[in-house]
Amino acid sequence: MSPSPGLWVWLWGAVVAGGLLSGLIVYGIAAHRYQAILQRERERARVIIRQSEEKFRRLVEANLIGVSVGCLDGRILEANQRFLDILGYTREDLKAGAINWIDMTPLKYAEIDRQAVCDQRSLGQCSPFEKEYFRKDGSLVPILMGHAVYDQDQEYTIGFVLDLSDRKRLEALSVLEERSRLARDVHDSLAQAFTSILVHIEVAERKLLSDPTTAQACLQTSAEVAQAGLVDARRTIKALRPYHLDQTNLYDALCQIAHQIFAYSSTQVRSNQSGASYVLLPEVENALLRIGQEALTNAFKHAQATVIYLNLSYQPNQCVLRIQDNGIGFATDAAERANGTSDQHSSVQHYGLTGMAERSQHIDAELTVESILNQGTAITVSVQKSLA
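Be aware that the sequence shown starts at 11, since it is given in my numbering, and climbs by one per residue.
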(Lines of atoms letter the chains of each structure in order from A and count residues from 1; the text may use other names and numbers.)
(Lines give C-alpha, C1' and ligand atoms only; values in the text may rest on other atoms or scores of the structure.)
Protein backbone atom coordinates (compact mmCIF):
# COMPACT_ATOMS: atom_id res chain seq x y z
CA MET A 1 0.00 0.00 0.00
CA SER A 2 1.48 3.38 -1.08
CA PRO A 3 1.90 6.20 1.43
CA SER A 4 -0.69 8.90 1.14
CA PRO A 5 0.28 12.28 -0.32
CA GLY A 6 -0.32 13.86 3.10
CA LEU A 7 2.40 11.65 4.64
CA TRP A 8 4.90 12.79 2.01
CA VAL A 9 4.12 16.39 2.76
CA TRP A 10 4.55 15.75 6.47
CA LEU A 11 7.86 13.95 5.96
CA TRP A 12 9.18 16.73 3.67
CA GLY A 13 8.17 19.36 6.17
CA ALA A 14 9.95 17.46 8.94
CA VAL A 15 13.16 17.28 6.93
CA VAL A 16 13.04 20.97 6.05
CA ALA A 17 12.23 21.90 9.64
CA GLY A 18 15.05 19.69 10.92
CA GLY A 19 17.56 21.31 8.52
CA LEU A 20 16.47 24.79 9.50
CA LEU A 21 16.76 23.94 13.14
CA SER A 22 20.23 22.53 12.60
CA GLY A 23 21.19 25.68 10.69
CA LEU A 24 19.87 27.85 13.47
CA ILE A 25 21.85 25.85 16.01
CA VAL A 26 25.05 26.14 13.95
CA TYR A 27 24.43 29.87 13.43
CA GLY A 28 23.84 30.32 17.13
CA ILE A 29 27.08 28.53 18.04
CA ALA A 30 29.06 30.57 15.47
CA ALA A 31 27.52 33.81 16.66
CA HIS A 32 28.38 32.96 20.24
CA ARG A 33 31.96 32.16 19.30
CA TYR A 34 32.22 35.40 17.28
CA GLN A 35 30.92 37.40 20.22
CA ALA A 36 33.45 35.69 22.49
CA ILE A 37 36.24 36.56 20.06
CA LEU A 38 35.05 40.17 19.87
CA GLN A 39 34.93 40.32 23.65
CA ARG A 40 38.49 39.03 23.93
CA GLU A 41 39.71 41.52 21.29
CA ARG A 42 37.93 44.36 23.09
CA GLU A 43 39.50 43.34 26.35
CA ARG A 44 42.92 43.05 24.72
CA ALA A 45 42.47 46.53 23.20
CA ARG A 46 41.46 47.89 26.61
CA VAL A 47 44.59 46.38 28.15
CA ILE A 48 46.79 47.88 25.43
CA ILE A 49 45.14 51.28 25.87
CA ARG A 50 45.51 51.07 29.66
CA GLN A 51 49.19 50.13 29.28
CA SER A 52 49.75 52.94 26.81
CA GLU A 53 48.00 55.41 29.09
CA GLU A 54 50.05 54.17 32.02
CA LYS A 55 53.29 54.56 30.11
CA PHE A 56 52.29 58.07 29.04
CA ARG A 57 51.26 58.95 32.59
CA ARG A 58 54.61 57.71 33.93
CA LEU A 59 56.42 59.74 31.27
CA VAL A 60 54.50 62.87 32.22
CA GLU A 61 54.92 62.37 35.95
CA ALA A 62 58.59 61.42 35.66
CA ASN A 63 59.24 65.04 34.63
CA LEU A 64 62.03 64.03 32.25
CA ILE A 65 60.62 66.41 29.66
CA GLY A 66 58.03 69.15 29.77
CA VAL A 67 54.54 68.11 28.66
CA SER A 68 51.66 70.50 28.08
CA VAL A 69 48.08 70.36 26.82
CA GLY A 70 46.82 73.51 25.20
CA CYS A 71 45.08 75.15 22.29
CA LEU A 72 46.38 76.37 18.99
CA ASP A 73 45.22 79.86 20.00
CA GLY A 74 47.99 79.93 22.63
CA ARG A 75 46.31 78.86 25.86
CA ILE A 76 48.05 76.27 28.04
CA LEU A 77 45.42 74.22 29.87
CA GLU A 78 47.48 71.50 31.55
CA ALA A 79 51.17 70.92 32.14
CA ASN A 80 53.44 68.71 34.16
CA GLN A 81 55.85 70.05 36.74
CA ARG A 82 58.86 69.85 34.42
CA PHE A 83 57.17 72.16 31.93
CA LEU A 84 56.44 74.66 34.69
CA ASP A 85 59.98 74.43 36.04
CA ILE A 86 61.52 75.07 32.61
CA LEU A 87 59.51 78.27 32.26
CA GLY A 88 59.54 79.37 35.88
CA TYR A 89 55.77 79.29 36.34
CA THR A 90 53.77 77.80 39.21
CA ARG A 91 50.72 75.58 39.35
CA GLU A 92 48.74 78.63 40.46
CA ASP A 93 49.81 80.51 37.32
CA LEU A 94 48.56 77.58 35.26
CA LYS A 95 45.18 77.50 37.01
CA ALA A 96 44.83 81.25 36.57
CA GLY A 97 45.35 80.93 32.81
CA ALA A 98 48.48 83.06 32.95
CA ILE A 99 50.54 80.81 30.63
CA ASN A 100 50.21 81.41 26.90
CA TRP A 101 52.73 79.96 24.47
CA ILE A 102 52.20 82.77 21.95
CA ASP A 103 52.95 85.42 24.59
CA MET A 104 56.05 83.48 25.68
CA THR A 105 57.49 83.33 22.15
CA PRO A 106 59.90 86.00 20.85
CA LEU A 107 58.72 87.66 17.63
CA LYS A 108 61.58 86.20 15.60
CA TYR A 109 59.97 82.75 15.92
CA ALA A 110 56.51 83.86 14.69
CA GLU A 111 56.97 82.38 11.21
CA ILE A 112 58.26 79.07 12.58
CA ASP A 113 55.26 78.86 14.93
CA ARG A 114 52.85 79.71 12.09
CA GLN A 115 54.27 76.84 10.03
CA ALA A 116 54.02 74.48 13.00
CA VAL A 117 50.34 75.34 13.47
CA CYS A 118 49.66 74.79 9.74
CA ASP A 119 51.38 71.40 9.90
CA GLN A 120 49.28 70.37 12.88
CA ARG A 121 46.05 71.36 11.15
CA SER A 122 46.96 69.59 7.90
CA LEU A 123 49.06 66.65 9.14
CA GLY A 124 47.99 66.31 12.74
CA GLN A 125 51.49 67.02 14.02
CA CYS A 126 54.61 69.08 13.42
CA SER A 127 58.23 68.02 13.25
CA PRO A 128 60.31 68.86 16.35
CA PHE A 129 62.06 72.21 16.07
CA GLU A 130 64.21 74.50 18.16
CA LYS A 131 63.10 77.87 19.45
CA GLU A 132 63.12 79.94 22.62
CA TYR A 133 60.54 80.84 25.25
CA PHE A 134 60.47 83.76 27.61
CA ARG A 135 60.52 82.56 31.19
CA LYS A 136 58.30 84.22 33.73
CA ASP A 137 61.27 86.34 34.88
CA GLY A 138 61.86 87.57 31.33
CA SER A 139 64.96 85.49 30.60
CA LEU A 140 65.16 83.27 27.53
CA VAL A 141 65.36 79.49 27.59
CA PRO A 142 66.34 77.47 24.47
CA ILE A 143 64.05 74.51 23.87
CA LEU A 144 63.33 71.66 21.49
CA MET A 145 59.61 71.17 21.04
CA GLY A 146 57.08 69.10 19.14
CA HIS A 147 53.28 69.18 18.99
CA ALA A 148 50.38 67.02 17.82
CA VAL A 149 46.63 67.68 17.78
CA TYR A 150 44.44 65.07 19.40
CA ASP A 151 40.83 66.16 18.80
CA GLN A 152 38.64 66.01 15.68
CA ASP A 153 38.25 69.78 15.55
CA GLN A 154 42.04 70.15 15.57
CA GLU A 155 42.03 72.82 18.25
CA TYR A 156 43.64 71.02 21.19
CA THR A 157 47.27 70.01 21.08
CA ILE A 158 49.71 68.12 23.23
CA GLY A 159 53.26 69.41 23.30
CA PHE A 160 56.62 68.10 24.44
CA VAL A 161 59.35 70.51 25.50
CA LEU A 162 63.01 69.69 26.13
CA ASP A 163 65.27 72.23 27.84
CA LEU A 164 68.39 72.77 25.70
CA SER A 165 70.19 75.05 28.15
CA ASP A 166 72.81 72.43 29.06
CA ARG A 167 73.46 71.59 25.42
CA LYS A 168 73.80 75.25 24.52
CA ARG A 169 76.23 75.75 27.39
CA LEU A 170 78.28 72.79 26.16
CA GLU A 171 78.27 74.21 22.63
CA ALA A 172 79.46 77.56 23.98
CA LEU A 173 82.11 75.78 26.03
CA SER A 174 83.21 73.87 22.96
CA VAL A 175 83.61 77.13 21.05
CA LEU A 176 85.57 78.60 23.96
CA GLU A 177 87.80 75.53 24.11
CA GLU A 178 88.46 75.76 20.38
CA ARG A 179 89.39 79.41 20.73
CA SER A 180 91.69 78.54 23.61
CA ARG A 181 93.28 75.76 21.56
CA LEU A 182 93.81 78.15 18.68
CA ALA A 183 95.31 80.77 21.03
CA ARG A 184 97.66 78.19 22.57
CA ASP A 185 98.76 76.85 19.19
CA VAL A 186 99.36 80.28 17.71
CA HIS A 187 101.16 81.34 20.88
CA ASP A 188 103.43 78.29 20.83
CA SER A 189 104.28 78.42 17.13
CA LEU A 190 104.79 82.18 16.91
CA ALA A 191 106.46 82.58 20.30
CA GLN A 192 109.00 79.89 19.47
CA ALA A 193 109.59 81.38 16.02
CA PHE A 194 110.01 84.92 17.33
CA THR A 195 112.33 83.78 20.11
CA SER A 196 114.52 81.89 17.66
CA ILE A 197 114.54 84.80 15.21
CA LEU A 198 115.60 87.26 17.91
CA VAL A 199 118.42 84.97 19.04
CA HIS A 200 119.73 84.55 15.51
CA ILE A 201 119.55 88.28 14.82
CA GLU A 202 121.44 89.03 18.04
CA VAL A 203 124.15 86.54 17.05
CA ALA A 204 124.29 88.02 13.56
CA GLU A 205 124.80 91.51 15.02
CA ARG A 206 127.67 90.31 17.17
CA LYS A 207 129.31 88.38 14.31
CA LEU A 208 128.63 90.91 11.56
CA LEU A 209 132.19 92.29 11.51
CA SER A 210 134.23 89.50 13.07
CA ASP A 211 132.56 86.54 11.29
CA PRO A 212 130.40 87.60 8.34
CA THR A 213 129.85 84.01 7.24
CA THR A 214 128.27 83.07 10.55
CA ALA A 215 126.27 86.29 10.56
CA GLN A 216 124.93 85.47 7.10
CA ALA A 217 124.04 81.94 8.23
CA CYS A 218 122.16 83.35 11.23
CA LEU A 219 120.16 85.70 9.04
CA GLN A 220 119.36 82.87 6.65
CA THR A 221 118.21 80.69 9.54
CA SER A 222 116.07 83.57 10.83
CA ALA A 223 114.34 83.80 7.46
CA GLU A 224 113.73 80.02 7.43
CA VAL A 225 112.33 80.09 10.98
CA ALA A 226 110.08 83.03 10.12
CA GLN A 227 108.75 81.19 7.07
CA ALA A 228 108.19 77.98 9.05
CA GLY A 229 106.46 79.94 11.84
CA LEU A 230 104.16 81.61 9.33
CA VAL A 231 103.30 78.30 7.73
CA ASP A 232 102.69 76.74 11.15
CA ALA A 233 100.41 79.60 12.21
CA ARG A 234 98.38 79.24 9.03
CA ARG A 235 98.13 75.49 9.50
CA THR A 236 97.02 76.04 13.08
CA ILE A 237 94.20 78.33 12.00
CA LYS A 238 93.09 75.66 9.52
CA ALA A 239 93.29 73.00 12.29
CA LEU A 240 95.99 71.05 10.43
CA ARG A 241 98.91 69.16 11.95
CA PRO A 242 101.88 71.31 13.01
CA TYR A 243 104.41 71.88 10.25
CA HIS A 244 107.17 69.89 11.97
CA LEU A 245 104.96 66.82 12.54
CA ASP A 246 103.77 66.97 8.97
CA GLN A 247 107.37 66.50 7.85
CA THR A 248 108.64 63.83 10.27
CA ASN A 249 107.95 61.87 13.48
CA LEU A 250 107.48 63.29 16.98
CA TYR A 251 111.04 62.73 18.21
CA ASP A 252 112.71 64.20 15.14
CA ALA A 253 110.27 67.13 15.19
CA LEU A 254 111.24 67.92 18.79
CA CYS A 255 114.91 67.69 17.90
CA GLN A 256 114.42 70.07 14.96
CA ILE A 257 112.73 72.61 17.22
CA ALA A 258 115.49 72.30 19.81
CA HIS A 259 118.12 72.83 17.11
CA GLN A 260 116.35 75.93 15.83
CA ILE A 261 116.18 77.44 19.32
CA PHE A 262 119.67 76.61 20.57
CA ALA A 263 121.64 76.48 17.29
CA TYR A 264 123.75 79.58 17.96
CA SER A 265 123.77 79.52 21.77
CA SER A 266 126.33 77.98 24.08
CA THR A 267 123.72 75.60 25.50
CA GLN A 268 124.12 71.94 24.60
CA VAL A 269 121.06 69.88 23.72
CA ARG A 270 121.34 66.18 24.49
CA SER A 271 118.46 64.21 23.03
CA ASN A 272 117.52 60.56 23.38
CA GLN A 273 114.71 58.26 22.34
CA SER A 274 114.17 54.93 24.07
CA GLY A 275 111.83 52.03 23.51
CA ALA A 276 110.12 50.84 20.35
CA SER A 277 108.21 53.83 18.98
CA TYR A 278 104.50 53.60 18.23
CA VAL A 279 102.07 56.02 16.63
CA LEU A 280 99.95 58.13 18.97
CA LEU A 281 96.66 59.79 18.09
CA PRO A 282 97.26 62.97 16.06
CA GLU A 283 95.88 65.24 18.80
CA VAL A 284 98.14 63.54 21.35
CA GLU A 285 101.25 64.00 19.20
CA ASN A 286 100.25 67.60 18.53
CA ALA A 287 99.89 68.29 22.26
CA LEU A 288 103.21 66.62 23.13
CA LEU A 289 104.98 68.58 20.42
CA ARG A 290 103.51 71.88 21.64
CA ILE A 291 104.34 71.09 25.28
CA GLY A 292 107.89 70.19 24.32
CA GLN A 293 108.17 73.31 22.17
CA GLU A 294 107.02 75.55 25.04
CA ALA A 295 109.30 73.81 27.54
CA LEU A 296 112.31 74.29 25.26
CA THR A 297 111.44 77.92 24.60
CA ASN A 298 110.98 78.61 28.33
CA ALA A 299 114.31 76.94 29.10
CA PHE A 300 116.03 79.11 26.51
CA LYS A 301 114.45 82.33 27.79
CA HIS A 302 114.61 81.76 31.55
CA ALA A 303 116.80 78.82 32.62
CA GLN A 304 120.29 80.16 31.86
CA ALA A 305 121.25 76.50 31.45
CA THR A 306 124.36 75.02 29.91
CA VAL A 307 122.74 71.65 29.11
CA ILE A 308 119.22 70.69 28.01
CA TYR A 309 118.15 67.05 28.14
CA LEU A 310 115.38 66.00 25.76
CA ASN A 311 114.12 62.46 26.32
CA LEU A 312 111.22 60.68 24.64
CA SER A 313 110.50 57.25 26.10
CA TYR A 314 108.11 54.76 24.51
CA GLN A 315 107.28 52.48 27.41
CA PRO A 316 104.95 49.45 27.26
CA ASN A 317 102.09 51.27 28.99
CA GLN A 318 102.83 54.93 28.41
CA CYS A 319 104.77 57.46 26.39
CA VAL A 320 106.84 59.88 28.46
CA LEU A 321 108.34 63.17 27.29
CA ARG A 322 110.85 64.77 29.65
CA ILE A 323 112.72 68.02 29.15
CA GLN A 324 115.25 68.91 31.83
CA ASP A 325 117.81 71.65 32.25
CA ASN A 326 120.59 72.46 34.72
CA GLY A 327 119.68 76.12 34.96
CA ILE A 328 118.68 78.47 37.77
CA GLY A 329 115.34 76.82 38.49
CA PHE A 330 112.66 78.44 40.61
CA ALA A 331 111.08 78.08 44.03
CA THR A 332 109.38 74.80 44.94
CA ASP A 333 106.09 76.49 45.80
CA ALA A 334 106.05 78.01 42.32
CA ALA A 335 106.51 74.55 40.84
CA GLU A 336 103.61 73.35 42.94
CA ARG A 337 101.46 76.12 41.55
CA ALA A 338 102.45 75.15 38.02
CA ASN A 339 101.45 71.57 38.85
CA GLY A 340 98.12 72.84 40.11
CA THR A 341 98.79 71.75 43.71
CA SER A 342 98.64 75.31 44.99
CA ASP A 343 96.10 77.97 44.19
CA GLN A 344 98.36 80.93 44.90
CA HIS A 345 99.42 83.09 41.96
CA SER A 346 102.99 83.49 40.79
CA SER A 347 104.73 85.18 37.90
CA VAL A 348 106.17 81.76 37.09
CA GLN A 349 102.73 80.53 36.07
CA HIS A 350 102.63 82.63 32.93
CA TYR A 351 100.83 81.63 29.77
CA GLY A 352 103.40 79.03 28.80
CA LEU A 353 103.04 76.82 31.86
CA THR A 354 99.30 77.36 31.93
CA GLY A 355 99.11 76.30 28.30
CA MET A 356 101.13 73.15 29.01
CA ALA A 357 98.78 72.22 31.85
CA GLU A 358 95.71 72.79 29.67
CA ARG A 359 97.14 70.72 26.85
CA SER A 360 97.95 67.88 29.23
CA GLN A 361 94.42 67.87 30.60
CA HIS A 362 93.00 67.86 27.09
CA ILE A 363 94.73 64.57 26.24
CA ASP A 364 94.34 63.06 29.76
CA ALA A 365 98.09 63.22 30.30
CA GLU A 366 99.95 63.75 33.56
CA LEU A 367 102.12 66.87 33.70
CA THR A 368 104.81 67.21 36.36
CA VAL A 369 106.94 70.31 36.87
CA GLU A 370 109.93 69.83 39.18
CA SER A 371 112.28 72.70 39.98
CA ILE A 372 114.89 73.55 42.61
CA LEU A 373 116.62 76.88 42.89
CA ASN A 374 120.02 76.81 41.17
CA GLN A 375 119.59 73.14 40.30
CA GLY A 376 117.40 73.27 37.24
CA THR A 377 113.92 72.36 36.11
CA ALA A 378 112.35 69.20 34.72
CA ILE A 379 109.03 69.04 32.87
CA THR A 380 107.58 65.57 32.37
CA VAL A 381 104.47 64.59 30.42
CA SER A 382 103.14 61.03 30.60
CA VAL A 383 100.34 59.80 28.36
CA GLN A 384 98.82 56.33 28.32
CA LYS A 385 99.57 54.05 25.37
CA SER A 386 95.82 53.43 25.11
CA LEU A 387 95.72 56.77 23.26
CA ALA A 388 97.99 55.34 20.60
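Glycine included, every Cβ here is placed at the ideal spot set by N, Cα and C.
Extent of the continuous beta strand (DSSP E) run through residue i
i, result
"D95", "No beta strand (DSSP E) holds D95; the alpha helix (DSSP H) holding it covers Q91 to L97."
"N282", "Q278 to S284"
Residues sharing a beta bridge with residue i, DSSP
i, result
"E88", "V79"
"K141", "I153"
"T390", "R332 and T378"
"G169", "S78 and H157"
"C136", "H157"
"N327", "In the DSSP output, where bridge partners are listed per residue, N327 has none listed."
Range of the contiguous alpha helix (DSSP H) that encloses residue i
i, result
"F340", "No alpha helix (DSSP H) contains F340, which DSSP labels as neither H nor E."
"A126", "A120 to L133"
"D262", "L260 to F272"
"I383", "This sequence places Leu at residue 383; Ile is not what is there. First-last for L383: undefined, no H or E at that position."
"V317", "Per DSSP, V317 belongs to no alpha helix (DSSP H); it is in the beta strand (DSSP E), V317 to Y324."
"D163", "Element bounds for D163: n/a, residue is neither H nor E."
"G302", "P292 to N308"
"K311", "Run containing K311: none; DSSP gives neither H nor E here."
"K105", "R101 to K105"
Contacting residues, own chain, Cβ-Cβ under 7 Å from residue i (five flanking each side not counted)
i, result
"D147", "G98"
"S392", "Q328, V330, A375 and E376"
"Q283", "Y261 and L322"
"I112", "G84"
"A201", "T307"
Sequence-distant residues of the same chain with beta carbon closer than 8 Å to residue i, five excluded per side
i, result
"G156", "Q135, C136, S137, P138, F139, G169 and F170"
"Y160", "Y166, T167 and I168"
Expected contact under 8 Å - CB spacing of residue i and residue j to nearest Å
i, j, result
"Q334", "G386", "6 Å"
"V77", "Y166", "Their Cβ separation, rounded to whole angstroms, is 14 Å, which puts V77 and Y166 out of contact at 8 Å."
"A203", "A236", "6 Å"
"L104", "I122", "Between I122 and L104 the Cβ distance is about 24 Å, and since that is not below 8 Å, they are no contact."
"I373", "E293", "6 Å"
"L299", "A263", "6 Å"
"I207", "F272", "That belief does not hold up - the Cβ atoms of I207 and F272 are roughly 14 Å apart, past 8 Å."
"H210", "Y274", "6 Å"
"R369", "A309", "In fact, because the Cβ distance is near 17 Å, the residues do not count as touching under 8 Å."
6 Å Cβ shell around residue i - same chain, five flanking residues per side excluded
i, result
"L229", "A214"
"R194", "G365"
"A313", "D335 and G337"
"Q394", "Q328"
"L94", "none"
"E88", "V79"
"L172", "I75 and L154"
Within-8 Å CB hit, residue i to chain B
i, result
"R191", "Of the protein chains in the structure, only one exists, and it is not chain B."
Check: residue i C-beta below 7 Å from any heavy atom of the ligand FMN
i, result
"V330", "For the structure depicted, the ligand FMN is absent and the ligand set is empty, with no information on it obtainable."
Query raised in the report: Any chance the region 177-186 sits against the region 127-134, with 3 or more Cβ pairs inside 8 Å?
Result: no
**Report entry** contact_flag[the region 279-288, the region 234-244] where n(CB pairs < 8 Å) is 3 or more
**Finding:** no
Query raised in the report: So, do the region 283-301 and the region 257-266 have three or more beta carbon pairs nearer to each other than 8 Å?
Result: yes
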